[in-house]
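Numbered according to my numbering, the sequence shown spans residues 53 to 832.
These notes concern the structure reproduced below.
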Amino acid sequence: MAAYLNRTLSMVTGNGSTISYDTSSLAETRGLHNTANDVSPLQIFVRAKKKINDIFGEIEEYVVETTRFIDSDQPGELDIIDKYEKEAFSSYVHKVAGIREVLARDHMKVAFFGRTSNGKSSVINAMLREKVLPSGIGHTTNCFCQVEGVDGHEAYLVKEGSEEKLNVVSVQQLANALSQEKLNESSLIRIFWPRERCSLLRDDVVFMDSPGVDVSPNLDDWIDNHCLNADVFVLVLNAESTMTIAEKSFFHEVSQRLSKPNIFILNNRWDASANEPEFQESVKAQHTERCIDFLTKELKVSLPKEADERVFFVSARETLQARLKEAQGQPAHLGAIADGFQNRYFEFQDFERKFEECISKSAVKTKFEQHSRGGKQIAKDMISMLDNIYDRAACLRTQKLEHKRMLIERINNTGQQLTQVTHEMKSKIHSMVEEVEQKVAKALNEEIWRLGVLVDEFPLPFHTDPVVLNIYKREMNAHVEQGLGANLRARLSTAMAMNMETAQREMTEKIHSLLPGEVLNQKITPFAVRQQPFEMFYTLNCQNLCADFQEDLEFRFTWGIGAILQRIGNRMKDKKGNEKTLMITRQSSQSSLPPVLSPMSDQPDGPNSLVPYGGGNITPEQLSVISNMMVATMGSHGTVGGIIVSGLLMKAIGWRVLIGIGVVYGCVYLYERLSYTNSAKKRRFKSQYVKHATKKLKLIVDLTSANCSHQVQQELTSTFARLCRTVDAASSEMNEDLRAVESLLNQLEANQKQMKLLRNKANYITNELEIFENNYIKSN
């Protein structure tokens with residue numbers, strides 16, 4: 053091939069002359085060097101497409117990551133993202149996916165239009181370097197044919213509305229107007245040609261062939277269905293004629309639908325000008341002027357200089373033949389049709405070069421600028437929403453920090469105040485317990501002192517029969533126990549209940565002051581600590597206390613010798629005790645004083661000295677002997693005791709007086725004996741019972757008062773404990789709230805960090821798109 057490029061191309065004309073062409077410059081053309089692809093303008097589009105696809109791949113990852121982050125938020129706790137924002141983020145996922153799908157299909161599309169038999173298909177075949185589309189004399193192309201690249205080695209075609217892959221040979225039948233199987237003029241056949249066989253197809257160029265603009269009035273449908281995404285339009289004219297109204301009308305419609313479309317004009321079949329060389333330049337100038345006027349003055353899509361560079365004079369059939377020869381390893385001039393082949397061949401190559409530059413710039417701008425702006429808008433919108441969410445999260449975090457501070461302060465204050473209240477309540481409970489113990493002891497002592505009245509109120513009939521008497525004692529014990537309990541309750545219960553209620557009220561109010569308002573309404577209501585008023589239980593248990601009571605119902609003469617002597621002995625014992633106490637007191641008081649003579653010092657001393665005693669002449673010794681004898685015989689009813697006592701009295705007072713006393717004594721005895729009836733026995737029984745019960749009950753005064761004080765202590769302590777449990781429960785809830793707030797703060801902090809990261813990614817994507825625009829869009 054290198055040798056071919058350096059040799060001289062010779063072509064024999066019809067008159068035998070030889071025309072030589074220097075083909076070394078052809079080495080710069082696109083199709084002759086494989087390395088030319090590296091500097092092809094189409095590579096700009098390829099690189100731009102790859103770059104923007106990579107950027108939108110990052111955008112898709114970013115949007116998916118952001119959407120997952122937004123969807124993972126817990127609205128019940130954070131409530132900083134509304135459903136509209138979530139829907140917006142989700143919509144970006146679908147939007148970016150749609151853009152990526154469009155980018156994957158984006159390519160540089162060139163559409164060829166012109167009248168029938170102007171050579172549109174031949175131009176495409178020449179650019180493809182193979183005869184792919186049907187071409188020939190007359191109306192050949194019957195429908196739209198789109199040629200695009202495909203990976204692989206096999207070519208195939210697909211009809212519109214079908215996915216069936218047909219043999220590419222079928223295009224000669226389906227797209228040919230002379231074929232029996234005709235398609236509608238607006239229908240489309242997609243021809244997939246291996247990219248490896250055409251460099252243009254490798255660079256994402258798609259060719260759109262069309263029927264003649266003069267065969268169908270449905271130009272609007274053509275534009276809407278097939279031209280709106282075209283980057284370059286090529287108007288193929290017949291150089292042997294002039295531009296027709298049908299061709300102009302079509303491009304007028306195109307210029308109205310599209311803003312300044314890129315239009316190239318090819319005056320095809322220019323090889324015919326070799327037959328009339330004397331008119332060649334003038335015809336060329338005429339065609340050029342008309343084409344420039346059409347682009348600048350009629351369509352107003354180009355400036356004159358730019359329009360001049362977009363008008364070409366070529367021979368597509370000649371170029372196709374030359375390139376087919378080259379593909380076979382033969383010289384390109386073998387495909388020449390007439391003189392001037394090199395100029396027409398260079399013109400066609402110049403068209404391809406400028407076409408590639410134009411379509412690359414146009415496609416990059418039209419295809420990618422909108423996507424780039426869309427990507428930046430998506431990033432901008434997401435940054436705005438993330439900033440709003442971040443601000444709301446910051447406000448919520450500030451509120452939660454304040455809430456956390458209040459909770460910590462409230463928990464600490466509650467603990468300190470509870471300790472102080474506990475100390476106060478313990479002191480108050482101790483004081484109330486002591487007060488109750490004193491009141492109960494005093495009331496019980498007073499009730500014991502009035503026990504006789506309570507016993508006298510016992511209504512059951514009395515009988516000395518042992519069986520009946522046992523029942524009587526049992527009922528008496530129950531009556532006393534019930535009566536004492538009732539009296540104690542009557543005296544103490546009301547005051548005790550009021551004191552307890554006051555204490556409980558004070559406890560409740562103090563606990564109320566420790567609890568937050570919302571907890572107070574939920575956890576405790578005033579005086580709900582106890583449903584019923586406090587009632588004291590007095591446990592006397594008279595059955596057991598008086599179980600050892602033994603009554604003595606035998607007749608006892610009040611003035612019997614034993615009774616008198618017993619009373620005298622008791623009195624003397626009391627007197628001796630008093631004298632002994634007085635003597636000890638005197639000794640202690642006179643131990644430091646001089647001895648003083650008593651008034652009795654004049655009396656003669658000695659054991660036989662008479663001391664007057666009660667006006668009698670009984671000496672102290674005699675009185676002592678009598679007393680001892682009386683005491684000795686105190687429990688005796690025998691005759692010996694009576695004789696001894698009688699003898700002593702007779703000796704002391706005389707027998708007459710003794711007889712008189714005996715008569716009176718007998719009368720009194722007889723009276724008492726006759727009056728000792730069942731009623732007297734009942735009174736004696738109750739008297740003995742009162743004496744015994746009083747003694748026993750006094751033994752349990754301290755125990756009973758301690759028991760009552762213990763009940764009060766237990767009631768107050770349990771009440772306070774229940775209230776403290778309420779405080780503990782409230783503290784536990786506040787601690788749980790504190791942990792929840794801390795967890796929420798950690799989540800908010802993590803979310804804010806993630807939002808900062810996502811915002812930085814959005815800025816990075818925006819910068820990437822800015823760089824893309826500067827490199828591929830603004831630089832063009």
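Even glycine gets a Cβ: it sits at the ideal position worked out from N, Cα and C.
Quantities reported herein were computed from a predicted structural model and do not represent experimental measurements.
Contact belief for residue i with residue j at Cβ below 8 angstroms, rounded distance in angstroms
{"i": "Met-434", "j": "Tyr-144", "result": "7 angstroms"}
{"i": "Gln-766", "j": "Met-588", "result": "Contact flag wrong, Cβ pair sits at about 11 angstroms."}
{"i": "Leu-790", "j": "Ile-460", "result": "7 angstroms"}
{"i": "Phe-244", "j": "Val-202", "result": "4 angstroms"}
{"i": "Ile-829", "j": "Ser-424", "result": "7 angstroms"}
{"i": "Ile-241", "j": "Lys-217", "result": "That pair is no contact at about 12 angstroms."}
{"i": "Lys-748", "j": "Leu-597", "result": "4 angstroms"}
{"i": "Trp-322", "j": "Val-353", "result": "Not confirmed; about 23 angstroms, so no contact."}
{"i": "Met-552", "j": "Phe-586", "result": "4 angstroms"}
DSSP-derived helix/strand/coil call for residue i
{"i": "Glu-139", "result": "helix"}
{"i": "Asn-826", "result": "helix"}
{"i": "Glu-328", "result": "coil"}
{"i": "Phe-218", "result": "According to the sequence shown, residue 218 is Leu rather than Phe. Correct three-state label for Leu-218: strand."}
{"i": "Thr-516", "result": "coil"}
{"i": "Thr-591", "result": "coil"}
{"i": "Thr-450", "result": "helix"}
{"i": "Lys-312", "result": "coil"}
{"i": "Glu-305", "result": "helix"}
{"i": "Asn-170", "result": "coil"}
{"i": "Val-821", "result": "The sequence as given places Leu at residue 821; Val does not occur at that position. If DSSP states are grouped into helix, strand and coil, Leu-821 belongs with the helices."}
{"i": "Ile-176", "result": "helix"}
{"i": "Gly-535", "result": "helix"}
{"i": "Asp-266", "result": "coil"}
{"i": "Glu-333", "result": "helix"}
{"i": "Ile-752", "result": "coil"}
{"i": "Ser-436", "result": "helix"}
{"i": "Pro-647", "result": "Below a pLDDT of 50, predicted positions are generally treated as unreliable, and Pro-647, at 41, falls in that range; the measurement from the model is reported next regardless. DSSP places Pro-647 in coil when its eight states are reduced to three."}
{"i": "Lys-183", "result": "coil"}
{"i": "Pro-356", "result": "helix"}
{"i": "Thr-778", "result": "helix"}
{"i": "Phe-772", "result": "helix"}
{"i": "Asp-27", "result": "Residue 27 lies beyond the stretch modelled for the chain, which goes from 53 to 832, so this question has no answer here."}
Range of the contiguous alpha helix (DSSP H) that encloses residue i
{"i": "Val-707", "result": "Contrary to the premise, residue 707 reads as Trp rather than Val in this sequence. First-last of the alpha helix (DSSP H) with Trp-707: 707-727."}
{"i": "Glu-378", "result": "368-379"}
{"i": "Ser-251", "result": "251-254"}
{"i": "Asp-508", "result": "503-508"}
{"i": "Gln-382", "result": "From DSSP, Gln-382 is part of no alpha helix (DSSP H); its letter is neither H nor E."}
{"i": "Thr-119", "result": "94-123"}
{"i": "Asn-395", "result": "393-415"}
Cross-strand partners of residue i (DSSP beta bridge)
{"i": "Ile-317", "result": "Leu-287, Val-363"}
{"i": "Thr-746", "result": "Note: Thr-746 sits in no beta bridge, so no partner."}
{"i": "Ile-243", "result": "Val-199, Leu-209"}
{"i": "Thr-474", "result": "None, per the DSSP bridge assignment."}
Unbroken beta strand (DSSP E) run spanning residue i, endpoints
{"i": "Lys-419", "result": "Premise fails: Lys-419 is in no beta strand (DSSP E) and is neither H nor E."}
{"i": "Ala-163", "result": "160-166"}
{"i": "Val-258", "result": "257-261"}
Residue-chain proximity (residue i, chain C), Cβ-Cβ < 8 angstroms
{"i": "Arg-242", "result": "Given the protein chain composition of this structure (a single chain), no chain C is represented."}
Residue i beta carbon near the ligand ZN (any heavy atom closer than 7 angstroms)
{"i": "Ala-599", "result": "Absent from the structure shown: the ligand ZN. Ligands present: none."}
Should the stretch 94-113 be called in touch with the stretch 155-170, which here means at least 3 C-beta pairs below 8 angstroms? yes
Taking 8 angstroms as the threshold, find out whether the stretch 310-323 comes into contact with the stretch 277-293 through three or more Cβ pairs. yes
Segment contact flag, the stretch 304-312 with the stretch 385-401, C-beta cutoff 8 angstroms, min 3 pairs: With contact defined as three or more Cβ pairs closer than 8 angstroms, the stretch 304-312 and the stretch 385-401 are not in contact.
Any contact between the stretch 322-333 and the stretch 384-396? By contact I mean 3 or more CB pairs, one from each, below 8 angstroms. yes
Taking one C-beta from the stretch 600-613 and one from the stretch 730-744 each time, how about it: are there three or more such pairs within less than 8 angstroms? yes
Quick check: the stretch 489-497 against the stretch 535-545, are at least 3 beta-carbon pairs closer than 8 angstroms? The stretch 535-545, when compared against the stretch 489-497, does touch it at the 8 angstroms Cβ threshold.
Tell me, please, whether the stretch 165-178 touches the stretch 371-385 by the rule of three or more beta-carbon pairs shorter than 8 angstroms. yes
Please confirm if the stretch 379-387 is in contact with the stretch 288-303, defined as three or more CB-CB distances below 8 angstroms between the two stretches. no
Taking contact to mean at least 3 C-beta pairs separated by less than 8 angstroms, is the stretch 548-565 in contact with the stretch 523-531? no
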